[in-house]
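A short write-up of the structure that comes next.
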Amino acid sequence: MSTQAGATAGERTGRRGRTAAGPRKAAALLTAAAAAGTLTALPARAAEGPDLPPYAFDASAQRIAGAASSGNAVELEPGRTYRDTLKKDGKVYYRLNLGTDRNSYVSVVAVPKPGGKAAYGDGFQVSIQDGSGTECGSQDVNFAVGDHVRPLTAYARRIVDPDDSTCQEAGPYYVLVERESDAESAQDDWELEIQHLTEPLLTGKGPDKLPEAWPSKMPALPVGDAKDRQGGDGFARAVSVERGEWRARIRPGQTLFWRVPVDWGQQVFASAELGSSAAGDDNVSYALALGIDNPARGFVDLRTGGYNGKPATVALAPLRPVAHENRSTYETATNGMRFAGWYYLTATLSPEVAEEYGDGALPLTLRVDVTGTKKSAPGYAGDAGVFQVTAQDEKAAANGSPGTEADGGGTAMVALAAGGLGLGTVLLVGLGAWTFLARRPTGGR
């Protein structure tokens, strides 16, 4: 039986109070072309122990140093991915130069050194602020269960809305990333993977009334004709799946990443079943976690379940169909289903399982269903970029392509539309994550 490992997540928007927060790891070395200025090429994978595959960072990510002050912050360009390092209790700024023709999303993935200890409240917050320090949106994440580290992800957004009185001017904005760690927790630096994505506005006012009735019953998930589809080792290498039953193997302490295309009007359902073990029968609480994140690496939901050597299944709670009006609520699981595109499924097996059952891989079965009739997009005023499902996406899902292969061999592909960098800038990239989110939500849109 699955339990929710983190009740809710939330965001802040300038005039509102503090966000809901909550529960705050495949190739050899790859290098990317160096960018101008302070950017330098770096290895594409985090150095980890020999036991588990390292987290697969985006091969196009460029090293950048966050600043201690907003006055010295380096700009994050739309459609690009960056790498940085965050120290214990660190606090760093980055700059955004934003117009008024697109929404902006900045996601941060924190990758601690494997094997470290963590306290419940250890984690970080990412926020976007305007030039006066007014907060436009934020999200906190921390380790919700267990006492071990694992990848965490969070995002912040700045939404262009004429009905809002804050964060609406064109000009400089700042991304603030703040880490908090208990004195007894691991003191290691965390590697960060940072993305700046933009979303076109609508040609008119979009639908904003959330239907009271929706298909909230969990369907029978696909069984039979199971195929091997081992998950990837990071967001950029998330393995594509479609409706079906997929076999993998997972080791204690490992996180696997998949992605599934979900179009407007469609619902996604998923469960993960951990196979039995003859090594024992002791119970491990919160042994398996199954999470889902949206195309901008925004947390949507995460569930956990225990393991006692018998088959154990964790299922996501039913989620609303993908719709623009979902952003009208502050409830995280609904607000996160705000656009079409690749949704990311992550499965994590607690390292505590090794203490009772050994560190060998256990069989894992991922069952995925996508239901509902596709609907038209809500009327974007430009290229939707990653916030759509293309024929190529559907082909990748059928073939099981990893993210970088499915996206044409690289995850940072920038398209410039007429009118400059701010209009039509998109990033085709595999996304996904592991997060736990917990406080009462107070922000939407």
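Here this note's numbering is used: the first residue of the sequence shown is 158, the next is one more, and so on. Think of the CB as a built atom: it goes at the ideal place given N, C-alpha and C, for glycine as much as any other residue.
- Each residue's CA atom was taken as its position, placing A213 and F392 some 7 Å apart.
- With contacts defined by Cβ atoms closer than 8 Å, K366 and E513 do not form a contacting pair.
- Annotation for E482: no alpha helix (DSSP H) segment contains it, and DSSP assigns it neither H nor E.
- Here DSSP, grouped into helix, strand and coil, assigns N229 to helix.
- When C-alpha distances from S289 are compared across A301, Q282 and T323, the shortest belongs to T323.
- For the 8 Å CB-CB criterion, E341 and A267 do not form a contact.
- Here T360 carries a coil assignment [DSSP, helix/strand/coil].
- Judged by beta-carbon spacing, L431 lies beyond the 8 Å limit of L447, meaning their Cβ atoms are not closer than that value.
- In this structure, DSSP gives R394 a helical state, which the three-state scheme calls helix.
- Around the C-beta of E369, fewer than 16 other C-beta atoms lie within 10 Å, and the residue is accordingly described as exposed.
- With a threshold of 16 other beta carbon atoms within 10 Å, E326 falls short and is exposed.
- Closest in C-alpha terms to E551, from the list V417, I449, P478 and G437, comes V417.
- Short of 6 Å from the beta carbon of R495, and not among the five residues preceding or following it, lie these beta carbons of its own chain, in chain order: N483 and R484.
- Scanning its chain for C-beta atoms nearer than 6 Å, with the 5 sequence neighbours on each side dropped, one finds around P559 the residues G389, R394 and V396, in chain order.
- If you compare the alpha carbons of G437, V283 and P210 with that of G294, the shortest gap goes to V283.
- Setting aside the 5 residues that flank it on each side, M375 is surrounded in the same chain by P475, each with a C-beta closer than 6 Å to its C-beta; the list follows chain order.
- Taking a contact to require three or more Cβ pairs closer than 8 Å, the segment 486–495 and the segment 520–535 do not qualify as touching.
- Shown here, E341 sits in coil according to DSSP, grouped into three states, outside any helix or strand.
- For the 8 Å CB-CB criterion, E350 and D215 form a contact.
- Nearest to E292 by C-alpha distance, out of E232, D321 and L459, is D321.
- Closest in alpha carbon position to G466, among W415, P520 and A313, is P520.
- From the listed residues D297, G363, A301 and A435, the smallest Cα separation to V317 is found for G363.
- For T242, the enclosing beta strand (DSSP E) has its first and last residue at R237 to L243.
- Residue pairing from DSSP places L349 in a beta bridge opposite D241 and A267.
- For K552, the secondary structure class from DSSP, reduced to helix, strand or coil, is helix.
- In terms of Cα proximity to P379, the closest of T412, E402, L243 and L359 is E402.
- With the rule of 3 Cβ pairs closer than 8 Å, the segment 408–422 does not count as touching the segment 225–234.
- Across the structure, D246 and S338 are spaced so that their CA atoms are roughly 6 Å apart.
- Nearest Cα to Q387 within the set G557, D208 and A538: G557.
- The bridge partners DSSP lists for Q325 come to none.
- Here the C-alpha atom of V510 lies approximately 28 Å from the C-alpha atom of V265.
- Per DSSP, T470 is one residue of the beta strand (DSSP E) stretching across A469 to A472.
- The Cβ atoms of Y331 and Q296 lie no closer than 8 Å to each other.
- In its chain, beyond the 5 residues on either side, R477 and P478 have a beta carbon closer than 8 Å to the beta carbon of W371.
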